[in-house]
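Visitor: Anchor point for the sequence shown: position 21 equals 266 in this note's numbering, and the numbering is continuous, going up by one each time. A virtual CB, placed ideally from N, CA and C, is assigned to each residue, including glycine.
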Amino acid sequence: MAKKKSTLINMLVALLVITAISGGLLGFVYGMTKDAIAEVDAKKNEAAIQAVLPLDGEITYKADTMTYSENGVTMTFPCNLAYDQNGTFKGAAVKTSEGGFGGKIDMMVGFAADGTIKGTSVLSHAETPGLGANMTGKFKDQFVDKNPASFKLTVTKDGGDVDAITAATITSRAFSKAVDKAYKAFEANKAQYMNNKPAIEETPVAEEENETMEGGQDNE
246 MAKKKSTLIN MLVALLVITA ISGGLLGFVY GMTKDAIAEV DAKKNEAAIQ
296 AVLPLDGEIT YKADTMTYSE NGVTMTFPCN LAYDQNGTFK GAAVKTSEGG
346 FGGKIDMMVG FAADGTIKGT SVLSHAETPG LGANMTGKFK DQFVDKNPAS
396 FKLTVTKDGG DVDAITAATI TSRAFSKAVD KAYKAFEANK AQYMNNKPAI
446 EETPVAEEEN ETMEGGQDNE
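(1) Which runs of the beta strand (DSSP E), 3 residues or longer, sit entirely within the segment 297-330?
(2) Just mark M320 as buried or exposed, buried being the case when its beta carbon has 16 or more other beta carbons within 10 Å.
(3) Assuming G360 and N325 form a contact by the criterion Cβ under 8 Å, report the distance between their Cβ atoms to the nearest whole angstrom.
(4) Just the C-alpha distance for N316 and G344, rounded to the nearest angstrom, thanks.
(5) Measure the C-alpha to C-alpha separation of K429 and G272 and round it to an integer number of angstroms.
(6) Per DSSP, what are the beta-bridge partners of S366 in this structure?
(7) Given that a residue counts as buried once 16 or more other Cβ atoms are within 10 Å of its Cβ, and exposed if not, what is E447?
(8) Can you have a look at T365 and say buried or exposed, based on whether 16 or more other CB atoms are within 10 angstroms of its CB?
(9) Would you mind sorting L270 into buried or exposed? The rule is 16 or more other CB atoms within 10 Å of its CB.
(10) For K391, does the three-state DSSP call read helix, strand or coil?
(11) For the alpha helix (DSSP H) holding T411, just list the boundary residues, first then last.
(12) Measuring CB to CB, does Q387 end up less than 8 Å from D403?
(13) Around the Cβ of E452, are there at least 16 other Cβ atoms within 10 angstroms (buried) or fewer (exposed)?
(14) For a test of the three-state rule: what should DSSP assign to T401, helix, strand or coil?
(15) For G382, name the three-state secondary structure that DSSP assigns.
(16) Should A371 be labelled buried (16 or more other beta-carbon atoms within 10 Å of its own) or exposed?
(17) With F373 as the anchor, note down where its beta strand (DSSP E) starts and where it stops.
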């Protein structure tokens, strides 16, 4: 019995030592790489901003957040506000998301000051290759230079103006819904940005938005 007890204790001690060493190594690796990862994320964020909100002249971006309430639920949208050298509000790049067929679709949408969509960019998704994943192609181009005040951000199957991806209805709906939420948040907040000229500083990085994933049963 004593031998078995000693063996059990030795196993527990060995397991604790291995766990401690593994945890230490993971912490060390994280500490060594976190700055590099943050720099990569910042560059990806800046590239997405430039892609969805192409503007002429000297433009400065300022990180902020927009809030919008729908059906009693308040949502927060990280964004980057664009100002020219005179401090005039030129538009915003808004982060948004919606549950698709395979999981949450994270996006960024650029709006000119009048609400016109200047571009969209899918930041991450888990949609099916060859089907829902096609949203990153020509599908997203139909939103460019459209103003949601007159362009209905729902698929034609639901009475809107968006041509859905073939055999990917859920993805098309999710993409459109994400853009729609970003637009509503932009419209609900843009007056304060247009009326309050900020002190222009450096280009910061907005944080990720956390929203509850939505899904459904339908053809993707």
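Guide: Based on what the coordinates show:
(1) Listed in chain order, they are 305-315 and 318-328.
(2) For this step, residue 320 is matched to residue 75 along the sequence shown. Counting Cβ neighbours within 10 Å, M320 comes out buried, since at least 16 surround it.
(3) Reading the sequence shown from its first residue, position 115 is the one you call residue 360. Reading the sequence shown from its first residue, position 80 is the one you call residue 325. About 17 Å separates the two Cβ atoms, so there is no contact after all.
(4) Walking along the sequence shown from the start, residue 316 turns up at place 71. Walking along the sequence shown from the start, residue 344 turns up at place 99. If you take the alpha carbons of N316 and G344, they lie about 17 Å apart.
(5) In the sequence shown, the residue the question calls residue 429 occupies position 184. In the sequence shown, the residue the question calls residue 272 occupies position 27. One alpha carbon belongs to K429, the other to G272, and they sit about 41 Å apart.
(6) Residue 366 sits at position 121 when you count from the first residue of the sequence shown. Bridge partners of S366: M353.
(7) Within the sequence shown, numbered from 1, the residue matching residue 447 stands at position 202. The pLDDT assigned to E447 is 49, lower than 50, so where the model puts this residue is not dependable, and the model offers no usable value.
(8) Translated into the one-based positions of the sequence shown, residue 365 becomes position 120. Under this definition T365 is a buried residue.
(9) Start at 1 with the first residue of the sequence shown, and residue 270 comes out as number 25. That one is exposed.
(10) The sequence position of residue 391 within the sequence shown is 146, counting from 1. Coil.
(11) Reading the sequence shown from its first residue, position 166 is the one you call residue 411. For T411, there is no enclosing alpha helix (DSSP H), as DSSP gives it neither H nor E.
(12) Along the sequence shown, read from residue 1 onward, the residue named residue 387 stands at position 142. Along the sequence shown, read from residue 1 onward, the residue named residue 403 stands at position 158. No, they are not a contact pair.
(13) Against the sequence shown, residue 452 aligns to sequence position 207. With a pLDDT of 46 at E452, under the threshold of 50, the modelled position of this residue cannot be trusted, and the question is left open.
(14) Within the sequence shown, numbered from 1, the residue matching residue 401 stands at position 156. Reduced to three states, the DSSP call for T401 is helix.
(15) Residue numbering aside, residue 382 sits at position 137 when the sequence shown is read from its first letter. Three-state result, G382: coil.
(16) Numbered from 1 along the sequence shown, position 126 holds the residue referred to as residue 371. The residue is exposed, with fewer than 16 neighbouring Cβ atoms inside 10 Å.
(17) The residue given as residue 373 occupies position 128 in the sequence shown. One point to set straight first is that residue 373 is Thr, not Phe, in the sequence displayed. Counting along the chain, T373 falls outside any beta strand (DSSP E), and DSSP gives it neither H nor E.
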